[in-house]
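Its first residue numbered 82, the sequence shown is counted upward by one per residue in my numbering.
Each residue gets a CB set at the ideal place from its N, CA and C atoms; glycine is no exception.
Given the structure is predicted, the values throughout are model-derived calculations rather than measurements.
See structure below.
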Amino acid sequence: MSCRTIAVKTRNKQYDMIDRSGEGRIEYNVEKGKTMRFVCLFDAATGELLAILNDRDLQHIRVAATAAVACKYLTVDSVDTMGVLGSGGMAHTHTLAMSAVRDLTEIRVDSPTTTHREEFAAEMSSKLEADVVATETPRAALHDVDIAATCTNSTDVFHSKWLDGVDFLTVVTPSEVEDAVFEATQVFTTTNKPFAASE
């Protein structure tokens with residue numbers, strides 16, 4: 082059977098279900114407070130719908146796997162330290178993916194909520210053979226690391242002055258970094274249409 086994955090996005094915003102039974106409008110997936118898109122898998126030969134999959138985990142894995150492939154081919158084998166900004170789903174999958182392509186010995190994480198970053202560090206410590214620690218500031222997480230990953234939904238969390246010593250930077254969304262970061266990199270690749278890959 083010949084298959085391909087076709088992403089079907091809901092119109093306008095990210096939701097699968099809309100609840101108008103109470104006051105206002107609540108958008109959610111599975112449970113209140115969670116929103117997500119979905120992916121439909123079709124048979125490319127017949128058009129038959131084979132599966133409807135929740136996109137939450139797939140989205141995180143897809144983005145992290147793409148970054149890890151780039152890291153594998155754009156860094157040297159001796160790369161072994163990583164700094165992560167963010168402690169949500171993207172941070173989890175990016176940390177696991179980078180650990181799959183590089184033998185990481187030290188991973189530092191920072192996010193605004195103390196309990197979130199501490200829980201992240203504890204979970205990753207139990208899954209990986211690396212020293213995973215939560216830091217008090219973004220700079221502490223990124224100082225003197227080989228790999229830096231911005232996995233947030235914020236803007237301007239990574240500054241060009243922090244590039245010193247970083248061999249590989251992966252960015253989930255361009256808004257997380259200053260424009261000067263793109264200008265300062267030696268090799269820049271992207272899947273975002275507004276930017277062109279350069280070397």
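*Compare the Cα-Cα distances from V253 to each of E264, W243 and T270 and report the closest residue.*
The residue with the shortest Cα to Cα distance from V253 is T270.
*In angstroms, rounded to a whole number, what distance separates the CA positions of G167 and T127?*
Looking at the two C-alpha atoms, the distance is approximately 42 Å.
_Coil, strand or helix - A230 by DSSP_ = Strand, per DSSP.
*In three-state terms, what does DSSP make of L185?*
Three-state result, L185: coil.
*Using 10 angstroms around the beta-carbon of K274, count the other beta-carbons present and answer buried if the total reaches 16, otherwise exposed.*
In this predicted model, K274 has a pLDDT of only 47, less than 50, meaning its place in the structure is not dependable enough to derive any value.
*Going by beta carbon distance, what residues of the same chain come within less than 8 Å of F239, once the five residues before and after it are set aside?*
These residues qualify, in order along the chain: L166, P219, L223, A229, T231, L250, V252, E257, V258, E259 and V262.
*By DSSP, does L41 sit in helix, in strand, or in coil?*
No information on residue 41 is available, as it lies outside the stretch 82 to 280 that the chain covers here.
*Three-state class that DSSP yields for T127 in the structure shown*: DSSP, read as helix, strand or coil, puts T127 in coil.
*asked:* Can you find the residues in the same chain that come closer than 8 Å, C-beta to C-beta, to H141, ignoring five residues on each side of it along the sequence?
replied: Taken in chain order, the residues that qualify are G170, M171, H173 and T174.
*Which residue's Cα is closest to the Cα of P193: T233, T156, T147 and R143?*
The shortest C-alpha separation from P193 is found at T233.
*Top-ranked residue by Cα proximity to S180, from R189, D161 and T156*: Per the Cα distances, D161.
*According to DSSP, which residues form a beta bridge with T251?*
DSSP output for T251 lists A230 as bridge partner(s).
*So what does DSSP say about D260, is it helix, strand or coil?*
Three-state result, D260: helix.
*Taking Cβ to Cβ, would you say A211 is nearer than 9 Å to T186?*
When the beta-carbon positions are compared, A211 and T186 come within less than 9 Å of each other.
_At the level of alpha carbons, what is the spacing between V268 and D245?_
Cα to Cα, V268 sits roughly 15 Å from D245.
*Can the beta-carbon of K153 be found less than 9 Å from the beta-carbon of V190?*
Between K153 and V190, the CB-CB gap reaches or exceeds 9 Å.
_Using the Cβ count rule (16 or more neighbours within 10 Å means buried), how would you classify T195?_
The residue is exposed, with fewer than 16 neighbouring Cβ atoms inside 10 Å.
_Cα-Cα separation, S316 to R198_ = Here the chain comprises residues numbered 82 to 280, so residue 316 is not present and cannot be evaluated.
*Name the DSSP bridge partner or partners of T162?*
In DSSP, T162 forms a bridge with E187.
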